[in-house]
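Engineer: Numbering (my numbering), first residue to last: 355 to 973.
Each residue gets a CB set at the ideal place from its N, CA and C atoms; glycine is no exception.
It should be emphasised that the depicted structure is a prediction, and the values quoted were computed from it without experimental measurement.
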């Protein structure tokens with residue numbers, strides 16, 4: 355298939371990704387930069403793209419400052435404890451002090467939030483408020499679309515590479531990608547770029563396989579593009595060793611948060627024991643975090659994991675007891691509770707509702723099995739992988755500040771949501787907030803740095819050929835073998851993904867290795883993933899849809915390699931329940947309460963790993 359012509363779009367600010375943070379960034383960019391041209395690019399359609407596209411049952415990050423519920427300082431202390439001592443306090447505080455106004459803005463736009471009779475928001479946890487979240491993404495997307503103008507929204511366009519200035523590799527200049535539904539290579543020239551393109555699922559082999567791409571809890575379309583775009587141009591990354599291993603309902607992968615917080619359910623092993631009670635002494639090994647309230651998520655996982663390893667499974671969420679207690683023997687109230695139980699999943703994880711139905715599970719009568727899922731790499735949920743970004747000038751110490759809030763180490767390149775490292779527990783509302791904060795900084799950057807960037811035409815042409823090459827490779831060699839997916843000249847994106855998942859699962863501490871790894875195992879995994887990265891230059895794609903999958907697996911592979919290299923560098927088990935270093939089984943605050951950072955040097959094909967200090971700002 356011949357290389358199509360290149361179409362160039364020039365703009366002031368380019369937003370890559372149309373999820374919650376992307377919509378927030380686009381809207382806010384036009385608010386502060388009314389005279390600027392703002393372009394948003396998304397590989398799907400912004401009304402349903404991103405990790406929250408299917409829906410959501412709760413806003414999980416809300417301070418409730420107008421009700422006196424929490425302060426940003428409270429939020430910082432909670433996040434640091436849940437991360438077992440490591441989070442950028444300036445970035446977490448920045449989200450905490452602004453997130454409530456973002457939630458109120460979403461309500462103003464039409465998001466239905468549960469309320470009490472007196473008009474106060476319902477509250478189901480310290481930081482959570484329930485919503486009718488099937489409308490969350492459309493409600494967020496419409497103002498973004500109106501703000502930038504439909505002519506400046508490029509949907510069904512997949513960005514594959516970032517572009518740096520022809521005269522300065524430390525200065526962003528735009529991005530390049532292709533049309534998913536048309537034969538076009540798109541080049542976007544921009545004075546500033548905001549990365550909002552999401553974290554990564556399906557880097558590890560899923561616990562549930564052969565169900566679509568592999569049934570997962572996190573969006574299957576979150577392909578690590580935020581990391582796969584930034585790493586190759588030398589952006590400094592942080593905490594890429596961190597992963598999130600969620601407890602989820604088995605097979606359907608429905609989240610358990612609503613069940614813990616709203617329904618007040620608990621989990622029992624097959625002997626009827628509550629592991630949080632029987633394994634309480636285990637927490638004392640991980641002080642001061644073990645005594646934190648609530649117990650850090652990895653330690654709760656760790657307690658369950660010990661039961662599972664001892665053969666005390668299956669583990670069951672006592673949905674029956676929780677629902678019966680809420681109903682109090684009242685049939686009418688039970689019907690309402692039952693409706694809320696099913697709505698929780700119909701809002702955001704339809705597969706779980708289908709699993710209940712297919713397995714004849716009535717949650718008011720039958721406990722539901724829970725498991726620990728495969729690891730996810732992200733920066734907005736309970737993970738902290740992402741770029742090392744500047745903090746806000748009024749909060750960040752000199753070590754964390756270099757001019758513009760949320761700017762990466764590449765000048766003019768900003769990040770938000772999953773793209774920002776060491777700032778977890780943002781969830782949807784915090785990601786939206788962070789997109790707004792990044793946008794305000796990007797507008798200021800454009801105004802204060804008016805020199806027009808320039809593109810290297812040779813680099814652009816080389817990348818365009820590389821982007822399109824899987825289609826040409828397949829077309830050239832498809833007749834060499836009788837089976838199109840078995841060919842000596844190319845691998846398919848599905849084959850590449852399965853290979854990546856196998857490496858990560860077996861060498862990076864996935865489910866089959868019981869989340870356990872060590873130095874030699876990680877080194878072997880890195881060697882294998884380096885070979886995979888070489889082979890990815892020989893992918894074959896039968897269509898533009900498969901071309902999209904080719905570049906998604908490239909981004910996932912960059913993410914996976916960064917994860918393994920960071921894990922190898924951190925010589926401790928910082929987050930038991932998420933992973934275990936068998937050669938360094940203990941938490942070591944004395945030597946390793948630091949951020950692990952990396953830069954990839956493309957010219958030398960070399961990773962440089964270093965550490966940055968943890969600074970306590972909130973007492």
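Tell me, to the nearest whole angstrom, how far the beta carbon of residue 838 is from that of residue 896; I am working on the premise that it is less than 8 angstroms.
Structural biologist: 7 angstroms
Engineer: Please confirm if the region 781-791 is in contact with the region 374-393, defined as three or more CB-CB distances below 8 angstroms between the two stretches.
Structural biologist: yes
Engineer: Pull up the distance between the alpha-carbon of residue 747 and that of residue 760, whole angstroms please.
Structural biologist: The C-alpha of residue 760 is placed about 10 angstroms away from the C-alpha of residue 747.
Engineer: Quick check: what's the CA-CA separation for residue 890 versus residue 644?
Structural biologist: Rounded to the nearest angstrom, the two C-alpha atoms are 43 angstroms apart.
Engineer: Return the first residue and the last residue of the alpha helix (DSSP H) that residue 659 is part of.
Structural biologist: 651-663
Engineer: Using a Cβ-Cβ cut-off of 7 angstroms (strictly less than) and excluding sequence neighbours within five positions of residue 794, which residues of its own chain qualify?
Structural biologist: 382 and 386
Engineer: Going by DSSP, what residue range makes up the alpha helix (DSSP H) through residue 492?
Structural biologist: 490-502
Engineer: When the Cα atoms are used, what is the spatial distance from residue 924 to residue 934?
Structural biologist: 11 angstroms
Engineer: Go to residue 544, then tell me how far its alpha helix (DSSP H) extends in each direction, as first and last residue.
Structural biologist: Segment 539-549 is the beta strand (DSSP E) holding residue 544; no alpha helix (DSSP H) there.
Engineer: Quick one, which of 511, 602, 652 and 952 has its alpha-carbon nearest residue 531's?
Structural biologist: Comparing alpha-carbon positions, the option among 511, 602, 652 and 952 lying closest to residue 531 turns out to be 511.
Engineer: So what's residue 527 in DSSP terms, helix, strand or just coil?
Structural biologist: strand
Engineer: Count the other CB atoms, across all protein chains shown, that sit within 10 Å of the CB of residue 885; report buried if there are 16 or more and exposed otherwise.
Structural biologist: exposed
Engineer: Here's the rule: buried if 16 or more other CB atoms are within 10 angstroms of the residue's CB, otherwise exposed. What is residue 625?
Structural biologist: exposed
Engineer: So what does DSSP say about residue 761, is it helix, strand or coil?
Structural biologist: strand
Engineer: Indicate whether the contact test is met: 3 or more Cβ pairs, each with one atom in the region 863-879 and one in the region 806-824, closer than 8 angstroms.
Structural biologist: The region 863-879 vs the region 806-824: no contact.
Engineer: Here's a check: name, in chain order, each residue in its chain whose Cβ is nearer than 7 angstroms to the Cβ of residue 615, leaving out the five neighbours to either side.
Structural biologist: 478, 479 and 482
Engineer: Just the Cα atoms here: how many angstroms apart are residue 824 and residue 554?
Structural biologist: 23 angstroms
Engineer: Closest by CA to residue 910, which one among 427, 579, 678 and 424?
Structural biologist: Closest option to residue 910, Cα to Cα, is 579.
Engineer: Pop quiz: residue 392 and residue 428 are said to be a contact at Cβ under 8 angstroms. What is the actual Cβ separation, rounded to whole angstroms?
Structural biologist: Residue 392 to residue 428, Cβ: 35 angstroms. No contact.
Engineer: Taking only three categories from DSSP, how would you classify residue 944?
Structural biologist: helix
Engineer: Is there contact between the region 701-713 and the region 602-612, where contact requires at least three CB pairs shorter than 8 angstroms?
Structural biologist: yes
Engineer: Taking the alpha helix (DSSP H) that residue 905 falls in, what are its first and last residues?
Structural biologist: 898-923
Engineer: According to DSSP, is residue 364 helix, strand or coil?
Structural biologist: It is a strand residue.
Engineer: With three or more C-beta pairs closer than 8 angstroms as the rule, is the region 760-771 touching the region 517-530?
Structural biologist: yes
Engineer: Got a sec: does the ligand HEM put a non-hydrogen atom nearer than 7 angstroms to the Cβ of residue 514?
Structural biologist: Among the components of this structure there are no ligands whatsoever, and the ligand HEM is therefore not found.
Engineer: Given that a residue counts as buried once 16 or more other Cβ atoms are within 10 Å of its Cβ, and exposed if not, what is residue 802?
Structural biologist: exposed
Engineer: Who are the Cβ neighbours of residue 681 in its own chain at under 6 angstroms, not counting the five residues just before and after it?
Structural biologist: 687, 688 and 691
Engineer: Just checking, does the region 844-857 make contact with the region 899-907 on the three C-beta pairs under 8 angstroms criterion?
Structural biologist: yes
Engineer: For residue 639 and residue 657, what's the separation of their Cα atoms in angstroms?
Structural biologist: Rounded to the nearest angstrom, the two C-alpha atoms are 12 angstroms apart.
Engineer: What is the DSSP secondary structure of residue 515, reduced to helix, strand or coil?
Structural biologist: Residue 515 sits in a strand when the DSSP states are folded into three classes.
Engineer: Can you look up residue 389 in the DSSP assignment and give me helix, strand or coil?
Structural biologist: coil
Engineer: When you compare the CB positions of residue 587 and residue 514, do they come within less than 8 angstroms of one another, or not?
Structural biologist: no
Engineer: Report the rounded CA-to-CA distance for residue 684 versus residue 411, giving the unit in angstroms.
Structural biologist: 25 angstroms
Engineer: To the nearest angstrom, report how far apart residue 635 and residue 654 are at their CA atoms.
Structural biologist: 12 angstroms
Engineer: To the nearest angstrom, report how far apart residue 460 and residue 493 are at their CA atoms.
Structural biologist: About 7 angstroms.
Engineer: Since residue 830 is in the alpha helix (DSSP H), which residue starts that stretch and which ends it?
Structural biologist: 811-831
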